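Please read the structure below before turning to the comments.
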Amino acid sequence: MSNPFLTDRLQEFGTTIFTQMSALAVETNSVNLGQGFPDSDGPAEVAEAARRAIADGHNQYPPLPGIAPLREAVAEHRRRFRGQDFDPDGEVLVTAGATEALAAAMLALTGPGDEVVTFEPYYDSYAAGIALSGATRRVVTLQAPDWSFDPDALRAAFTPATKALLLNTPHNPTGKVFSRDEMMLIAELCCEHDIVAVTDEVYEHLVFDGEHIALATLPGMAERTLTVSSAGKIFSFTGWKIGWACGPAELVAAVRTAKQFLTFVSGAPFQHAVAVGLRLGDDFFDGYTAEMKAKRDRLCAGLAGTGLEVLVPEGTYFASCDIRSIGETNGIDFCLGLPERAGVVAVPTMVFYDDREAGAPIIRFAFCKKDEVLDEAVRRLGAGLA
Ligand code: PMP
Ligand code: GLN
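Residue 58 is where the sequence shown starts when you use the numbering used here, and the numbers rise one by one after that.
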């Protein structure tokens, strides 16, 4: 293996932390609040649309940019929820999940000698995408417990070599929803340094406090922003791997050029189903947010009762805890021991930091699970951590 990033990862984990922790959950028969996947399926009419698409013979390669009905539905969805305007022909690209959109964007838009500004903790595929393209990441730390960042540190992260900014809001793993003031500063810096922004908005329908702001809607940003989202998190079908990237035609064309040599295309019948999903009524979208907000409140209240210091998230379906409140300091050791100690799996967010010390005491629990599963996890933690 010649890519240093991949070599490091192979030595460190073998697989991603999510895969590793899910395997541990199975092995130890633990309640798995590690990897972020819902344990209930998404809307029945969307699943039915996928079955129908297969029965109707939509089973061969779809067009490279994605089927027209899905590109139209994505453009409609962005107009409906964010007031954005995209031409389904040329400004919308369907991808194999957000993961491919992000990796293809890094491969297409950055390379050796370029720098990409992002925040830490960062979703694991960001470091990978940047490294695979040969670029270097410049990381600004979100500081627990409120996940604020130093504006001067952000300013200083921009250099003459900066080529792109990679932003995730609502943010995994912290659950932070970037505020309007923070977004305005980010937008100003992108414009001042004339760089491309890639925004990962996969949790855009999981905002409980504050508001979701699409970076592309801020002044000067539409022409330089690639907006990424995914059906996995919107519809609780993470295994379908249907995502999309929207933006100016030349940015989308660049990403499409990289994408055609990664997967070319994927998920033909699921593309039909997601087109149906994106047109569901407000009752679905509002109901989904309300359901996850109730789960957030349920898990956070339960965790607080175990002695863990809970950092209540404003969005996403992840809640972080600081383990120093129970006398622990190293999240990796703690999470590796937790199945035996309590029969529960969580993710150590330390692995998403360059500044390992900053991330050491923080762990993440996913709450996109049935209420009885959340309750059982809390019961086990209560007993195991006592
Ligand atoms: N970005 C973030 C922040 C995520 O948490 C995830 C996991 N869903 C992804 C991207 C990847 O999304 P997908 O499964 O659509 O590739
Ligand atoms: N997005 C999921 C999470 O944050 C993980 C997906 C994966 O396993 N790559 O937990």
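Beta carbons: idealized from backbone N, C-alpha and C, even for Gly.
Please read all numbers here as calculations on a predicted model, not as lab measurements.
Under the DSSP assignment, residue 354 falls in the alpha helix (DSSP H) whose first and last residues are 339-361. Within the same chain, Cβ atoms closer than 8 Å to the Cβ of residue 80 are found at 72, the five residues on either side in sequence being excluded. Between the alpha carbons of residue 339 and residue 410 lies a distance of about 37 Å. By the CB criterion at 8 Å, residue 389 and residue 407 fall inside the cutoff. Two segments are said to touch when three or more pairs of C-beta atoms, one from each, lie closer than 8 Å; by this definition the stretch 155-167 touches the stretch 179-198. Per DSSP, the unbroken alpha helix (DSSP H) holding residue 316 starts and ends at 306-316. With a threshold of 7 Å, the Cβ atom of residue 93 counts as near ligand 2, since some heavy atom of the ligand is closer than that. Under the 8 Å Cβ criterion, the stretch 98-110 does not count as touching the stretch 420-436, having fewer than three qualifying pairs.
Residue 258 sits in coil when the DSSP states are folded into three classes, being neither helix nor strand. The way I'd put it, the stretch 115-133 does touch the stretch 321-337; three or more beta-carbon pairs between them come closer than 8 Å. The nearest non-hydrogen atom of ligand 1 is 7 Å or more from the C-beta of residue 274. At least one heavy atom of ligand 1 lies less than 7 Å from the C-beta of residue 289. For residue 220, the enclosing beta strand (DSSP E) begins and ends at 219-225. If you check the CB distance, residue 234 and residue 372 come in under 8 Å.
Separation of the CB atoms of residue 288 and residue 299 is rounded to 4 Å, and the pair is thereby assigned contact status at 8 Å. For residue 180, the distance from the CB to the nearest heavy atom of ligand 1 is below 7 Å. Its chain contains 88 as the residues whose beta carbon lies nearer than 8 Å to that of residue 433, once the 5 sequence neighbours on both sides are disregarded; these appear in chain order.
Separation of residue 228 and residue 377 (C-alpha to C-alpha, rounded to the nearest whole angstrom) is 12 Å. Around residue 412, the same chain offers 177, 198 as residues with beta carbons nearer than 7 Å, after the five sequence neighbours per side are excluded. Across the structure, residue 357 and residue 85 are spaced so that their CA atoms are roughly 24 Å apart. In the three-state DSSP reduction, residue 420 falls in the strand class (E or B). For residue 75, the shortest C-beta to heavy atom distance toward ligand 2 is below 7 Å. Note on geometry: alpha-carbon atoms of residue 122 and residue 243 lie some 29 Å from one another. Within the model, the alpha-carbon separation for residue 64 versus residue 438 is close to 35 Å. Taking all protein chains shown into account, residue 305 has 16 or more neighbouring C-beta atoms within 10 Å of its C-beta and is therefore buried. Annotation for residue 140: 274 place their beta carbon closer than 7 Å to its own, counting only its chain and skipping 5 residues before and after. Burial state of residue 225 is buried, judged by a 10 Å Cβ sphere holding 16 or more other Cβ atoms. Taking the Cα positions, residue 355 is about 10 Å away from residue 361.
Comparing alpha-carbon positions, the option among 146, 118, 138 lying closest to residue 126 turns out to be 146.
Distances from the CB of residue 423 to the heavy atoms of ligand 2 include at least one below 7 Å.
Residue nearest to residue 342 within the set 219, 301, 279, 262 is 262 (criterion: CA-CA distance).
The beta-carbon separation of residue 212 and residue 253, rounded to 18 Å, does not stay under the 8 Å limit for a contact.
With a threshold of 16 other beta carbon atoms within 10 Å, residue 318 falls short and is exposed.
DSSP, reduced to helix, strand and coil, places residue 248 within a helical segment of the structure shown. Secondary structure note for residue 292: its alpha helix (DSSP H) is the uninterrupted segment 288-292. Spanning the alpha carbons of residue 172 and residue 192 requires a straight line of approximately 6 Å.
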